[in-house]
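Novice: First, the structure itself, so that you have it in front of you.
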Amino acid sequence: MSEMKIQLNHPGKQKKFKIGSGYIEIGKDYIREWNSDKNHFRKFIQNQGQFVTNVKDAKPTRDDLYFWGEWEGYSFVNFFPENSCEKFPNGLHKLFHSIVNRGTQNTDPYVYGKEFKYCVCKQTSTLTDCLKLDDLILFGTVMPSINKFYIDTVFIVKDSTESLKVQKTSGAGYSEIYKQETLEQLDSYLGPDKYENKNKIYHSKTWWDDKDYFSFVPCKLSFDNGGFERLYIKLDTKKFQLSKNPTGKSFLQKSKLSAKELWDEIVQISLHQGFKLGVRFDEPIFNNCLENSKKTATTNIRSAKGGKIC
């Protein structure tokens with residue numbers, strides 16, 4: 137098969153705010169719990185990282201970056217109650233890592249750390265067997281009602297590792313946070329019921345690998361009170377030949393543009409819509425607020441009962 141240009145659709149909705157239904161309150165903080173729902177969700181995120189303003193930048197710049205993405209683990213949330221439309225964020229998420237009451241969902245694609253990683257979403261047949269260097273994957277969400285395909289991750293394939301090798305080495309070479317946030321959530325990698333499969337962890341080509349063709353997340357350096365809309369391409373843009381199906385994947389075979397030409401077009405659309413190109417994002421760090429909350433609750437109960445406080 138020739139080079140692949142893949143439109144990979146994943147759920148684009150945000151989790152509605154309701155304390156006790158995926159959200160908790162600790163002190164003055166609202167926290168989005170680790171997702172245990174059937175579906176994945178998008179978040180509007182603030183995270184430290186590096187970006188370039190165009191392909192001619194001599195080096196990336198480091199700053200607080202704002203972007204739409206996936207993180208199914210914990211996050212602190214500042215809500216935007218005035219936003220009721222899915223086009224705009226219902227809150228700003230600051231990510232952190234903890235495995236207290238770990239949920240069931242995994243984060244994929246995982247854009248944190250030295251490179252982006254893609255290991256499971258709709259990865260069957262062709263996506264398992266045939267992805268190769270320089271293939272293009274557009275992770276995003278089709279919104280037929282507004283004629284838009286929202287893009288959150290532009291992924292250029294560099295190489296891959298077979299899941300069986302990851303199993304045998306217990307995820308050697310991957311960060312502990314990535315293993316806990318993603319791989320340990322998947323039986324095909326580090327789960328208790330390991331079984332043979334052909335899944336792979338695909339690693340992204342980075343700006344440091346190729347300054348003319350690299351993976352990126354559309355991001356901005358600031359936002360208005362209500363945040364901003366995701367990067368979008370109109371579904372009826374002829375040069376892309378996008379699928380209007382909200383689910384599944386499309387190989388964009390009707391588009392006459394090469395993968396690199398499509399990438400060039402997306403870069404220009406990103407810049408035109410006011411986005412920077414986020415090329416690296418820090419992994420969220422461990423935060424023990426949930427563990428401390430459990431200890432405080434236990435202490436308060438013991439104190440109320442007249443028990444010994446350690």
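Adding 136 to a residue's 1-based position in the sequence shown gives its number in my numbering.
Cβ atoms here follow ideal geometry from the backbone N, Cα and C, with glycine treated the same way.
As the structure is a computational prediction, the values presented were derived from the model and not from experiment.
(1) Given 8 Å as the limit, is there contact between the region 223 to 231 and the region 390 to 399, that is, 3 or more CB pairs closer than that?
(2) Three-state secondary structure (DSSP) at His408?
(3) Less than 8 Å between the C-beta atoms of Phe203 and Pro196, yes or no?
(4) The beta strand (DSSP E) with Ile486 in it runs from where to where?
(5) What residue range does the beta strand (DSSP E) around Ile313 cover?
(6) For the beta strand (DSSP E) that contains Gln184, what are its first and last residues?
(7) How would you call Phe252, buried or exposed, if buried means at least 16 neighbouring beta carbons within 10 angstroms?
(8) Residues in the same chain with beta-carbon distance under 7 Å from His339, minus the five sequence neighbours each way, listed in chain order, please.
(9) Out of Asn333, Phe285, Arg238 and Lys341, point me to the one whose CA is closest to Leu269's CA.
(10) Hey, out of Ser138, Phe422 and Trp170, whose CA is closest to Gly209's CA?
(11) Once DSSP output is grouped into helix, strand and coil, what is the label at Cys425?
(12) Taking a contact to mean a Cβ-Cβ separation below 8 Å, would you say Val290 touches Leu267 in this structure?
(13) Output needed for Leu326: all residues of its chain with C-beta closer than 8 Å, excluding positions within five of it in sequence on either side, in chain order.
(14) Nearest-angstrom Cα distance between Glu401 and Met279?
(15) Taking Cβ positions, are Leu371 and Lys380 nearer each other than 8 Å?
(16) Could you name the residues of the same chain whose beta carbon sits closer than 7 Å to that of Ser406, not counting the 5 residues immediately before and after it, in chain order?
(17) With a threshold of 7 Å on Cβ separation, who are the neighbours of Lys390 within its own chain once the five nearest residues in sequence on each side are excluded?
(18) Kindly identify the DSSP beta-bridge partner or partners of Glu298.
(19) Going by the DSSP bridge assignment, what does Gln143 pair with across the sheet?
(20) Please report the residue range of the beta strand (DSSP E) in which Asp165 lies.
(21) Just verifying my parser: in three-state terms, what is the DSSP assignment at Pro420?
(22) May I ask you to list the residues that DSSP assigns as paired with Gly249?
(23) If distances are taken between C-alpha atoms only, which option among Gly158, Gln184, Thr189 and Ile181 comes closest to Asn175?
(24) Where does Ile155 sit, in a helix, a strand or coil, going by DSSP?
Specialist: By the coordinates alone:
(1) no
(2) helix
(3) no
(4) With the chain represented from 137 up to 446, any question about residue 486 goes unanswered, as that position is not in the structure.
(5) Ile313 -> not in any beta strand (DSSP E); alpha helix (DSSP H) instead, spanning Glu312 to Glu317.
(6) Lys179 to Val188
(7) buried
(8) Glu251, Lys253, Lys294, Asp295 and Ser296
(9) Lys341
(10) Trp170
(11) helix
(12) no
(13) Val302, Gln303, Ser306, Gly307, Lys315, Leu319 and Glu320
(14) 20 Å
(15) yes
(16) Pro354, Leu367 and Leu413
(17) Gln377
(18) Lys336
(19) Leu274 and Ser386
(20) Asp165 to Arg168
(21) coil
(22) Phe417
(23) Gly158
(24) strand
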